[in-house]
Amino acid sequence: MVGDKVKDYIKTAMDSKYRQVAIKAMRSLEKDDVKEKLSDVVMWLKSRKGVPNKEEEKYRRDIIGLIGKFGDDSVIDEF
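Structure (structure tokens):
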């Protein structure tokens, strides 16, 4: 995947105040690096209610894709 120095830099982006930045950063890392942040991602998805517009739908798809890539039974149980 990525080198250790780059990996450490990308990990800092997971704590971004912008959720899209955090999602993109997580996609570039491995499951072990992302595992503890996945519960936050599930909460982001659950916090959005109502009928999504086009941008909101893309955001939801990004989160679902991330959960599908790295998730396990513990993440699914949170739903």
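Using my numbering, count along the sequence shown one by one with no gaps and you end on 77.
From the three backbone atoms N, C-alpha and C, an ideal C-beta is built for every residue, glycine too.
Going by C-alpha distance, which of the options is nearest residue i?
i, options, result
"residue 64", "12, 47, 50", "12"
"residue 15", "42, 25, 53", "42"
Would DSSP call residue i helix, strand or coil?
i, result
"residue 12", "coil"
"residue 39", "helix"
"residue 44", "helix"
Hey, could you find the ends of the alpha helix (DSSP H) residue i is sitting in?
i, result
"residue 59", "52 to 68"
"residue 25", "17 to 25"
"residue 32", "29 to 32"
Segment contact flag, the stretch 18 to 28 with the stretch 47 to 63, C-beta cutoff 8 Å, min 3 pairs: yes
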